[in-house]
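Data block below; observations after.
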Amino acid sequence: MTWTRAPIFLLAMTLCSSLAYADDDDHHHGYGKRPKQLSVGQAPAVWKTECASCHMAYPPGLLPAAAWQQQMDTLKSHYGSNATLDKKDEQAIRTFLAAASAVNRLPLEPSRKAGEPPRITTTTWFVRKHDEVRAEVWRRQSVGSAANCLACHSGAEKGDFDEDRVKIPR
Amino acid sequence: MKCFIVMGLLLSASLAQANPALLKDYEQQARQANPAFAGFAAERGKALYFRESSASGKPMQCATCHSSDPRQPGKTPAFRPIEPLAPAVTPTRFTDSKKVEKWFRRNCDDVLKRECTAQEKGDFISWIVTVK
């Protein structure tokens with residue numbers, strides 16, 4: 001590479017790497033995979049009624065497709081609860097989850113507890129994103145636990161976890 | 171005669187609206203399971219709601235999530251609010267048999283680690299419709 005071309009090449013490299021992060025507000029690189037596409041597009045009504053009655057509607061982009069498959073294969077004991085569905089609803093939800101998580105390349109990380117499907121809140125990415133949140137915060141009455149994204153992220157069900165809009169309740 | 175009509179009206183007025191076909195179905199199933207079936211009893215339904223079971227590994231009741239007062243909202247273990255269970259407060263409760271069956275299936279397994287019998291379901295509905 002000649003002296004005249006190198007700066008252009010360097011500029012192009014910088015632009016390319018900053019564009020690669022345009023889809024979220026995470027400007028750290030080299031920390032491992034992060035979700036792509038957290039916004040939830042057209043979701044079937046059955047996903048909302050069946051998967052959001054006991055907990056918030058977790059955007060499928062938060063886990064790899066393989067993790068959602070494990071969830072759907074173990075609904076009889078879904079983190080200790082029976083979350084079984086009728087066959088038609090189950091199929092519609094499987095299809096939706098697979099399609100809505102297809103774009104990410106997140107690693108499949110088993111839950112820390114044996115016998116349960118992967119947990120969003122113990123993935124490397126989640127733990128890193130929340131590493132400044134003190135243990136006491138999770139235990140607050142107004143928060144409950146890390147599973148309750150809505151306590152601090154009011155736009156969570158739309159896939160909006162923007163740091164600028166985080167409000168941690170007292 | 172007038173007395174009976176008035177009593178009848180008062181009785182039906184005091185019951186919140188659940189789908190009567192639901193109770194008929196459970197009655198049929200209960201009779202099939204037990205020829206000596208002698209009807210549903212609200213008292214048994216109430217006892218079921220508050221019965222504590224450790225079958226799941228930790229002590230739980232229906233009331234644990236649905237509140238000790240079914241006229242109040244409940245809360246799931248993941249902190250999601252649950253609309254009050256009493257049809258007097260939430261009129262859509264116990265009207266859709268598919269929905270009712272689905273939640274009996276899931277939640278009886280959660281608390282009791284088994285299915286609820288048609289007798290138990292009928293007893294429970296007979297009670298919850300009287301909760302004002």
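From first to last, the protein sequence lines are chains X and U.
Under this note's numbering, the first sequence has 125 at position 125, and the numbering climbs by one with no breaks.
Under this note's numbering, the second sequence has 201 at position 31, and the numbering climbs by one with no breaks.
Every residue gets a Cβ at the ideal spot worked out from N, C-alpha and C, and that includes glycine.
Does any CB atom of chain X fall closer than 8 Å to the CB of residue i?
i: A248 of chain U; result: yes
i: D150 of chain U; result: Not covered by the structure: residue 150 of chain U. The range shown for chain U is 171 to 302.
i: D266 of chain U; result: no
i: T287 of chain U; result: no
Kindly list, in the order they appear in chain U, the residues whose Cβ is closer than 7 Å to that of residue i.
i: C54 of chain X; result: T246, A248 and R250
Along chain X, which residues have their Cβ under 8 Å away from the Cβ of residue i?
i: S226 of chain U; result: G80
i: R276 of chain U; result: S81, N82, A83 and T84
On the three-state DSSP scale, how would you describe residue i?
i: H78 of chain X; result: strand
i: M230 of chain U; result: strand
i: K33 of chain X; result: coil
i: G244 of chain U; result: strand
i: P60 of chain X; result: helix
i: P251 of chain U; result: strand
i: S267 of chain U; result: helix
At a CB-CB cut-off below 7 Å, which residues of chain X make contact with residue i?
i: D279 of chain U; result: N82
Looking at chain U, is there any beta carbon in it that lies within less than 8 Å of the beta carbon of residue i?
i: Y31 of chain X; result: At Y31 of chain X, the pLDDT of 46 sits below 50, so the modelled position is not reliable and the matter cannot be decided from this model.
Handout entry: Cβ-based contacts, 7 Å cut-off: residues of the stretch 95-124 of chain X near chain U
Key = Going along the stretch 95-124 of chain X in chain order, one finds no residue with a Cβ nearer than 7 Å to chain U.
Practice task
Quick one: which unbroken alpha helix (DSSP H) runs of 4-plus residues sit fully inside the stretch 77-140 of chain X? Chain order, please.
Solution key: Complete alpha helix (DSSP H) runs here, min 4: 87-100, 124-129 and 135-139.
Practice task
Report the residues of the stretch 138-153 of chain X with a CB closer than 9 Å to any CB of chain U, ordered along the chain.
Solution key: V143, G144, S145, A147, N148, L150 and A151
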